[in-house]
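>
2 protein chains.
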Amino acid sequence: MTVLTDAEATRLCVVLVRARNPGNIGAVARAMHDFGFPALRVVNEYPVPFEAARSAVDASDVMASAAGYSSLAEATADCTLVVGTTAVGERELRHPLLELPAGARNLRAELAAGRRVALLFGSEKTGLSNHELSFCHWLLTIPMYQHQAIRHPSMNLGQAVAVCLWELVHDRAHDGSASPGAAASSAESIAAPPADSATMERLTALLTEVLQATEYTRRHSANCDPAHIRRLVRRIGADAVDAPVWMGILRQVLWKLGAERK
Amino acid sequence: MTVLTDAEATRLCVVLVRARNPGNIGAVARAMHDFGFPALRVVNEYPVPFEAARSAVDASDVMASAAGYSSLAEATADCTLVVGTTAVGERELRHPLLELPAGARNLRAELAAGRRVALLFGSEKTGLSNHELSFCHWLLTIPMYQHQAIRHPSMNLGQAVAVCLWELVHDRAHDGSASPGAAASSAESIAAPPADSATMERLTALLTEVLQATEYTRRHSANCDPAHIRRLVRRIGADAVDAPVWMGILRQVLWKLGAERK
């Protein structure tokens, strides 16, 4: 019934950031099992309570191969697209925001094009922090009912994952609308593949160094918060060909500043 | 975002039959709250553990009006359509079976026609019994991934309800034609508008000046053809907010190089 191949589904990494409740981790693993997504990554500063989650019904295969990370940078290093989920709310967003049906189509096209995608879910209480959002290329939201009395509805973690994964796998061909994946992936094959997250981090570090060396940091400190710089670099959407060019330019700036000082 | 009116959503009764875990009842109520379905009915032969479920986050309005019944006959008495959910399995089915996307369309049409619909979810362990299925006009199933080793996958109760309700409410009208690329750019983004062409030209000119001042042009002449630099800048796709930031950074590089020379 799925419109994704096994290889495509394997390239989607569900990344739980600071999930607190082992029951929720187990529920996420079960939804992944139900819809055929094997790759679970869990980011926590303290040891992840895998043991309790491993007992979740029907989730043992996903939990057995789940990987723990101590930072989001490590957990997304090999991914070329990082997408955060959000309930929106009052957060000031500088990211493109896609609602679920359109966002799922976009994710399917990326997976079909051979990219490894990280889909981030934040902690049950706070969602993703601004620091965590700064790793994201765009954000995905599940549109919800707007209750008059409640300004910012949010979903249960396991339910949010289940709805997102369901939307990714089910067959739009039986749904009266054609699958747009084919056209998209043929268009994308002309462009260079995107830079992975580790490359974007190196680019961010180099830019930060330039900003300091040129005293930009001192003059425009409001722009120089680390999350701000990371988002600025992510928004340039450099591909695997352009990213080294930009790094070369920044290195040259640093070299020249050093040479002038001598 | 919903394609259902409030009156239509109110006519859908989610009926939990022999749900055992108050946490699951709370999770169901939360999903109903999230997607705007107020009518929860719970069928149990013994007193329903509402108290524990009432504490579920964001579910208080649904739980406050939840109704308890001691039989399925009573719980569905005022409904003109009764639909059971099932993970299928080996059960000998005597009912028409609809998979979720088609089934949701069917339910929407019934609700729009003014009918009160009962959507039944069975107990976590056993699903709906044959007796309970006998109340149903047809059955609804969420198609799942077929693991080789596991013959009958089933979903967590709260997740199954969330996926069914999501499928009922979201707007298929926005789901037909757009390509993923179009979706990304037409994203309901709180992102800034794109920079205009004149801005991109100014950015290109500034970058060219930096490449010359840092001797990058001399070292990497192959990258420094004017058309090459323009394309590099266009590909960063800077928006109207980021473009001035990048220009500020480049100006600062030029200023610092000048200052170092003095």
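Chains as they are written, first to last, in the numbering used here: chain A, 1 to 262; chain B, 1001 to 1262.
All C-beta atoms, glycine included, are put in the ideal place defined by N, C-alpha and C.
Bear in mind that the values here come from a model prediction, so they are computed numbers and not experimental data.
Cβ of B:Asn1021 less than 8 angstroms from any chain A Cβ?
Chain A contact via Cβ: absent.
> Where do the ends of the alpha helix (DSSP H) carrying A:Arg218 lie?
Looking at the DSSP string, the run of the alpha helix (DSSP H) that includes A:Arg218 is 216 to 219.
> So which of A:Gly258, A:Ala39, A:Tyr69 has the shortest CA-CA distance to A:Ser60?
For A:Ser60, the nearest C-alpha among the options comes from A:Ala39.
> Report the residue from A:Tyr69, A:Ala238, A:Glu209 whose alpha carbon sits nearest the alpha carbon of A:Asp225.
Among A:Tyr69, A:Ala238, A:Glu209, the Cα nearest to that of A:Asp225 is on A:Glu209.
> Could you name the residues of the same chain whose beta carbon sits closer than 8 angstroms to that of B:Thr1214, not counting the 5 residues immediately before and after it, in chain order?
Excluding positions up to five away in sequence, the list reads Val1253, Leu1257.
> With DSSP collapsed to three states, give me the class of A:Asp225.
Residue state, collapsed to three classes: coil.
> In whole angstroms, what separates the C-alpha of B:Ile1229 from that of A:Leu232?
Distance between the alpha carbons of B:Ile1229 and A:Leu232 is about 19 angstroms.
> Using the beta-carbon of each residue, which ones in chain B are nearer than 8 angstroms to A:Arg11?
What A:Arg11 touches in chain B: nothing, since even the nearest Cβ is about 15 angstroms away.
> Counting only Cβ pairs nearer than 8 angstroms, list the residues of chain A close to B:Phe1035.
Neighbours of B:Phe1035 on chain A, chain order: Met144, Tyr145.
> Does A:Gly84 come within less than 8 angstroms of chain B when only Cβ atoms are used?
Closer than 8 angstroms: no.
> Would you report the Cα separation of B:Ala1112 and B:Leu1133, rounded to the nearest angstrom?
Near 24 angstroms, if we compare the C-alpha coordinates of B:Leu1133 and B:Ala1112.
> DSSP three-state call for A:His174: helix, strand or coil?
The pLDDT assigned to A:His174 is 44, lower than 50, so where the model puts this residue is not dependable; a value taken from the coordinates is nonetheless given after this. Helix.
> List, in order along the chain, the chain B residues whose C-beta lies closer than 9 angstroms to that of A:His220?
Those within 9 angstroms of A:His220 in chain B are Val1245, Gly1248, Ile1249, Gln1252.
> For A:Arg115, which of A:Gly84, A:Thr80, A:Gly122, A:Lys125 has the nearest alpha-carbon?
Of the candidates A:Gly84, A:Thr80, A:Gly122, A:Lys125, the one whose C-alpha sits nearest the C-alpha of A:Arg115 is A:Thr80.
> Buried or exposed, going by whether 16 or more other CB atoms sit within 10 Å of the CB of B:Glu1167?
Buried.
> Do you know offhand how far B:Ser1123's Cα is from A:Val245's?
Whole-angstrom Cα-Cα distance: 59 angstroms.
> Per DSSP, A:Asp239 is paired with what?
According to DSSP, which records beta bridges pairwise, A:Asp239 is partnered with A:Pro194.
> Do you know offhand how far B:Ala1182's Cα is from A:Met247's?
Its pLDDT being 36, under 50, B:Ala1182 is placed unreliably in this model, and the value from its coordinates should be taken loosely. Cα to Cα, the separation comes out at about 30 angstroms.
> According to the neighbour-count rule (16 or more other Cβ atoms, all chains shown, within 10 Å of its Cβ), is B:Glu1008 buried or exposed?
It counts as buried.
> If you run the structure through DSSP and keep just helix, strand and coil, what is B:Gly1158?
It is helical.
> Please classify A:Pro194 as buried or exposed, where buried requires at least 16 other C-beta atoms within 10 Å of its C-beta.
Flag for A:Pro194 reads buried.
> On the CB-based measure, 16 or more other CB atoms within 10 Å of its CB, does A:Glu99 come out buried or exposed?
So A:Glu99 ends up on the buried side.
> Quick check: what's the CA-CA separation for B:Leu1165 versus B:Pro1153?
The alpha-carbon atoms of B:Leu1165 and B:Pro1153 are separated by roughly 20 angstroms.
> Select from B:Val1014, B:Asn1024, B:Asn1021 the residue whose C-alpha is nearest the C-alpha of B:Phe1035.
It is B:Val1014.
> Could you tell me if B:Pro1047 is buried or exposed, where buried requires 16 or more neighbouring beta carbons within 10 angstroms of its beta carbon?
The residue in question, B:Pro1047, is exposed, as its Cβ has fewer than 16 Cβ neighbours within 10 Å.
> So with CB distances below 7 angstroms, who are the chain A contacts of B:Thr1214?
Chain A residues near B:Thr1214: Gln252, Val253, Lys256.
> Are the C-beta of B:Ala1007 and some C-beta of chain A separated by less than 8 angstroms?
Not one chain A Cβ lies under 8 angstroms of B:Ala1007.
> Among the candidates B:Leu1107, B:Met1032, B:Leu1016, B:Leu1128, whose CA atom is the shortest distance from the CA of A:Ala160?
It is B:Met1032 whose Cα lies nearest to the Cα of A:Ala160.
> Of the choices A:Arg11, A:Val17, A:Arg219, whose alpha-carbon is the least far from that of B:Arg1251?
If we check each option's Cα against that of B:Arg1251, A:Arg219 comes out closest.
> Just checking: is the beta-carbon of B:Arg1030 within a distance shorter than 8 angstroms of some beta-carbon in chain A?
Yes, contact with chain A.
> Are the C-beta of B:Glu1209 and some C-beta of chain A separated by less than 8 angstroms?
Cβ-Cβ to chain A under 8 angstroms: no for B:Glu1209.
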